[in-house]
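A.B. asks: Offset between the sequence shown (1-based) and our numbering: plus 200. A virtual CB, placed ideally from N, CA and C, is assigned to each residue, including glycine. Here it is, the structure in full.
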Amino acid sequence: MTGDKKVALIVGAGPQLGASCARRFALAGLVPVVSSRSPEKLQAVVAAAPGAIAMPCDAGIEADVERLIDTVERQHGAVDCCVYNPGGGFQRTAVVDQTAERFEAGWRNTALGGFLVGRGVARRMVPRGRGTIIFTGATASMRGGKGFSAFAAGKFALRALAQSMARELQPSGIHVVHVVIDGKIRSAGVGANDGTAMDPDEIAATYAGLYFRGKSNWTQEIDIRPWNETW
201 MTGDKKVALI VGAGPQLGAS CARRFALAGL VPVVSSRSPE KLQAVVAAAP
251 GAIAMPCDAG IEADVERLID TVERQHGAVD CCVYNPGGGF QRTAVVDQTA
301 ERFEAGWRNT ALGGFLVGRG VARRMVPRGR GTIIFTGATA SMRGGKGFSA
351 FAAGKFALRA LAQSMARELQ PSGIHVVHVV IDGKIRSAGV GANDGTAMDP
401 DEIAATYAGL YFRGKSNWTQ EIDIRPWNET W
């Protein structure tokens with residue numbers, strides 16, 4: 201491990217929320233490491249978040265995840281905050297037309313990946329007695345929708361994982377939070393803030409606030425949404 205440096209590991213990083221989180225945690229003094237399956241996507245993230253360190257990884261493969269976390273801790277510092285931000289799988293498909301392959305791929309990307317990454321960083325955090333793990337959820341984490349059987353199933357499972365981990369790890373000093381993002385995310389700084397979409401920089405500020413929360417007011421789940429949404 202590299203000295204006393206602390207890392208913010210962002211898995212499932214894209215050029216919107218992933219890049220915003222990398223910039224925000226860098227401002228907070230953490231080393232931002234961004235990861236996804238796609239090297240091309242990571243190039244866009246690093247371009248949008250100068251100073252971020254790119255490390256490709258398939259979060260659905262156990263050996264890849266363990267290799268990623270070992271390398272990060274050996275080369276860059278202790279993972280003090282981990283954001284699991286699974287993307288994709290939002291295509292609307294009728295359940296009678298859904299394939300087993302696509303359903304399993306969605307579950308693997310969302311639920312299994314969340315488990316492997318969450319377990320991996322928790323194993324390092326527990327002996328240190330500190331750390332924050334943030335899972336990005338969606339409206340589909342709370343209710344299924346027409347055409348979203350696969351997407352919702354993965355998101356439901358990720359929420360259950362977060363709840364179980366929070367109850368298990370909180371006594372060990374690990375803050376586990378599930379964030380329900382109830383809205384579309386626009387590109388940072390693009391367009392007027394008319395309340396129809398969410399600014400990823402503002403979401404990243406919320407994530408940083410969760411990281412800095414004191415133990416006397418931890419939360420297991422929050423939901424965030426555009427200000428003019430009807431709900």
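(1) Taking the alpha helix (DSSP H) that Ile147 belongs to, which residues open and close that run?
(2) Apart from the five residues on each side of it in sequence, which residues of its chain come closer than 7 Å, Cβ to Cβ, to Ala408?
(3) If you run the structure through DSSP and keep just helix, strand and coil, what is Thr339?
(4) Return helix, strand or coil for Ala294, following the three-state DSSP convention.
(5) By DSSP's criteria, Cys281 is part of a beta bridge. Which residues make up the other side?
(6) Here's a check: name, in chain order, each residue in its chain whose Cβ is nearer than 6 Å to the Cβ of Pro239, leaving out the five neighbours to either side.
(7) Would you call the CB atoms of Asn309 and Gly345 closer than 8 Å?
(8) Using CA atoms only, rank isn't needed, just tell me which of Val207, Gly214, Asp297 and Ala249 is closest to Val231.
(9) Go through its chain and collect everything with a Cβ distance to Asp258's Cβ below 7 Å, but skip five positions before and after it.
(10) Taking the CB atoms as reference points, tell me whether Gly347 and Arg292 lie closer together than 8 Å.
(11) Which residues mark the beginning and the end of the alpha helix (DSSP H) in which Ile403 is found?
(12) Over the uninterrupted alpha helix (DSSP H) stretch that includes Ser182, give me the two end residues.
(13) Does Pro215 pass the burial test, meaning 16 or more other C-beta atoms within 10 Å, or should it be called exposed?
(14) Under 8 Å: do the stretch 274-289 and the stretch 413-427 share three or more Cβ pairs, one atom per stretch?
(15) Give me the residue from Gly318, Gln298, Thr396 and Leu242 with the minimum Cα distance to Gly383.
(16) Along the beta strand (DSSP E) that carries Ser235, what are the first and last residues, could you check?
(17) Please list the terminal residues of the continuous alpha helix (DSSP H) segment that includes Glu304.
(18) Tell me which same chain residues have a C-beta within less than 6 Å of the C-beta of Glu421, skipping the five on either side of it?
(19) Give every residue of the same chain whose Cβ lies closer than 7 Å to the Cβ of Ala338, excluding the five residues on either side of it in the sequence, and list them in chain order.
C.D. replies: On the basis of the supplied data:
(1) Here the chain covers residues 201 to 431 and nothing more, so residue 147 does not appear.
(2) Arg224, Phe225 and Ala228
(3) helix
(4) coil
(5) Ala208 and Thr332
(6) Pro256
(7) no
(8) Val207
(9) Arg237 and Asp264
(10) yes
(11) Pro400 to Phe412
(12) Shown here, the chain extends from 201 to 431; a query on residue 182 therefore has no answer.
(13) buried
(14) no
(15) Thr396
(16) Val231 to Ser235
(17) Ala300 to Trp307
(18) His378
(19) Lys355, Val380 and Ile381
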